[in-house]
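Written out below as structure tokens is the structure these notes cover.
Numbering (my numbering), first residue to last: 43 to 152.
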């Protein structure tokens, strides 16, 4: 992770969460590869402790907000479905990503 943080063509974000029940601490991490006119979501990891609390949407929205300040046209996410991660597909679609092949998901930055 340290090597990625030091690279100029990668961004690494973490997400902490606290609610009325307590502080969960750092519960998420996103690794983004910065390309020419695009950002590739290399990894988007979230603790199962907070899934279903909409934290994943808030975390992604904050990342998209940062991306909008850059000269980026779209965000790309590669998703390989397994029995363990089926909820990711609906998360991407609900977050405004489009797909033609159910593997590569694209969100255009306005």
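Every residue, glycine too, gets a C-beta built ideally from N, C-alpha and C. Owing to the predicted nature of the structure, the values given are computational and were not obtained by experimental measurement.
Scanning 90, 75, 129 and 120 for the CA closest to the CA of residue 143 turns up 120. Between residue 140 and residue 150, the C-beta spacing is below 9 angstroms. Judged by DSSP in its simplified three-state form, residue 97 adopts helix.
If you draw a straight line from the Cα of residue 63 to the Cα of residue 101, it is about 19 angstroms long.
Between residue 61 and residue 95, the CB-CB gap stays under 9 angstroms. In the DSSP assignment, residue 55 is bridged to 72.
Nearest neighbour of residue 80 by Cα position, chosen from 72, 138 and 116, turns out to be 116.
Annotation: the continuous alpha helix (DSSP H) that includes residue 132 extends over 129-136.
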